Ligand SMILES: [Zn+2]
Ligand SMILES: [Zn+2]
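Residue numbers (my numbering): 15 to 600.
If you want it as structure tokens, here you go:
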């Protein structure tokens, strides 16, 4: 499990502690693990660290690496180890060893390089020289409570980045810079897409006009695709009696993720905000008797759900408490399953193309037989059958996938789709689940050709995930430079002076008559400032309008993406942009 980079990162945390002790002999050491992109170590220090301290510490680390000090491991009886650290007044280490003693350990191991010794399980690189100078750097300083407990001392944490080579380190730093520039929280604010309000609550995004445009465009797109694929739409309330979730089993499996129930005065019933749309859709299915002739039946809804995410887990649009889901439930017979499943998979692939998503991984999540009756519905036969069906369908659709045990939904196997944004970050965007359990539990049935009642299979699918996460992803993926069809403002006309405003308005009116999102930016500010604003908003097309353009009956269009300037007659430009919108060009 210890890859070579983990060994290096872990060893670097020792080397950093060694350098800190050189600089501050009275420093008290806490803990220092390897992490995803490097390492950290927590210290109690005689003074607050400053950013200027980091290069000094790093120099010392580089010297230690050059000296190629060998890491030696030895063990000590626990009492002796406690004594050792007591003498050094390293109280945090004493506490750590005391805990090991309580846990029944008889001895503990140390790693020593040169004069530096640290309590550690290891393993390490053989010697400090195994690390390449240049492949790591000290990154930042942060505060951290001892043992994460706010009642314990606040320590200073130093983070380092570390990779196998200098090149990898530089690539990582570059990617992080780009990601910061594209951070959906930063761009979301700059582009006027969404906001949060303390008065509304954490994790409850408010979509501003520019964000609302994107939502409506995405929904229009999804509705058209779903219409062509034979879906029908339903609309269901945001709340329900608890009874629905007792029936579906969500209360026993999902309650921790739900908002607490509401009860009206004088009403016996408890109501819940819906954490998912399925049970409501199942009730639509159950509204009338069904025959095999009604199937497959595909119910779609951009449904708003509410999930009680821990406040510490909330993150921008990526983890929220209210979410609008590109949801649908497909009810079908076992015979129809394969075709339906393949059609859904192909829809995913079409969507990836539309959004220029080139890298994706499909993970088939399976059940674990040992968890039947607990984590998973106790239907061993059905699990095997549906997992085989999904596997066959995936192979037939010729979509590569990996199998992951023990990650299925509680009612059936699922496909999780991870996509990579243009700058290489991974997002889990969508899932595609097979459900053989809930329809049965909720008493859904149809009459087959022979007149016998049968339970339909249900496919849950949400290829565009939720608006929140998908738009968060799109912001990073496109760096805020959206394709024209998605861009909140598509065209801005900038009249040079008051004399040109009337003509600008006429042009914008003509564009808006074709449902092109065009605006006039009035000359209340300098032209330079207005041009900069249009660039900040990443408006795809901008045109400055003055005497020359009006005279020539031409628009001088600046393309934000290519920075090219091209002259167009208004009609020709209208035709071009309409075609881009119609084809949802990238
Ligand atoms: Zn260690
Ligand atoms: Zn569902």
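We put the CB at the ideal spot given by N, CA and C, even for glycine. Everything numeric in this text was worked out from a predicted model, so none of it was measured.
Note that the C-beta distance between residue 343 and residue 187 is not below 9 Å. In this structure, residue 231 and residue 499 form a Cβ contact; the two beta carbons are roughly 6 Å apart against a cut-off of 8 Å.
Under the three-state reduction of DSSP, residue 515 is assigned to helix. Proximity to ligand 2 was defined by a C-beta distance below 5 Å to any of its heavy atoms, and the residues meeting it, in sequence along the chain, are 292, 474.
Using a cutoff of 8 Å, the CB of residue 25 counts as near ligand 1, since one of the ligand's heavy atoms is closer than that.
Under the three-state reduction of DSSP, residue 414 is assigned to coil, being neither helix nor strand.
Leaving aside the five residues that flank residue 199 on each side, the residues in its chain whose CB is nearer than 7 Å to its CB run, in chain order, 330.
Per DSSP, the beta bridge partners of residue 446 are 429, 475.
In the three-state DSSP reduction, residue 343 falls in the strand class (E or B). Annotated three-state conformation of residue 574 is coil, per DSSP. Separation of the CB atoms of residue 351 and residue 376 is rounded to 17 Å, and the pair is thereby denied contact status at 8 Å.
Taking one beta carbon from each stretch, the region 117-126 and the region 63-76 have fewer than 3 pairs nearer than 8 Å; the two do not touch. DSSP, read as helix, strand or coil, puts residue 510 in coil. Within the DSSP secondary-structure output, residue 253 pairs in a beta bridge with 287. The region 433-452 makes contact with the region 474-490, as at least three CB pairs between them are under 8 Å.
The Cβ-Cβ distance between residue 201 and residue 209 does not fall below 9 Å. Rounded to the nearest whole angstrom, the C-alpha separation of residue 348 and residue 470 is 8 Å.
Distance from the Cα of residue 543 is smallest, within the candidate group 163, 530, 558, 531, for 558. In the structure shown, residue 103 adopts coil according to DSSP, grouped into three states. Beta-bridge annotation (DSSP): residue 532 is paired with 505. Linking residue 42 to residue 172 through their CA atoms gives a straight-line distance of about 13 Å. For residue 358, the enclosing alpha helix (DSSP H) begins and ends at 348-368.
Within the region 201-259, the complete alpha helix (DSSP H) segments of 4 residues or longer fall at 223-242, listed in chain order.
Residue 72: not part of any beta strand (DSSP E); member of the alpha helix (DSSP H) spanning 67-80, first to last residue. Beta-bridge annotation (DSSP): residue 318 is paired with 338. Secondary structure note for residue 88: its beta strand (DSSP E) is the uninterrupted segment 86-91. Not one heavy atom of ligand 1 falls within 8 Å of the beta-carbon of residue 54.
In this structure, residue 173 has its beta carbon at no less than 8 Å from each heavy atom of ligand 1. For residue 32 and residue 168, the gap between their C-alpha atoms comes out near 21 Å. Taking C-alpha positions only, residue 406 is separated from residue 427 by approximately 13 Å. The C-beta of residue 457 has fewer than 16 other C-beta atoms within 10 Å across all chains shown, which makes the residue exposed. The alpha carbon of residue 317 has as its nearest neighbour, out of 109, 236, 530, 130, the alpha carbon of 236.
When the beta-carbon positions are compared, residue 496 and residue 453 stay at least 9 Å from each other.
Three or more beta-carbon pairs separated by less than 8 Å link the region 52-63 to the region 149-168, which places the two stretches in contact.
Shortest gap from the CB of residue 99 to any heavy atom of ligand 1: 8 Å or more. Between the alpha carbons of residue 423 and residue 381 lies a distance of about 8 Å.
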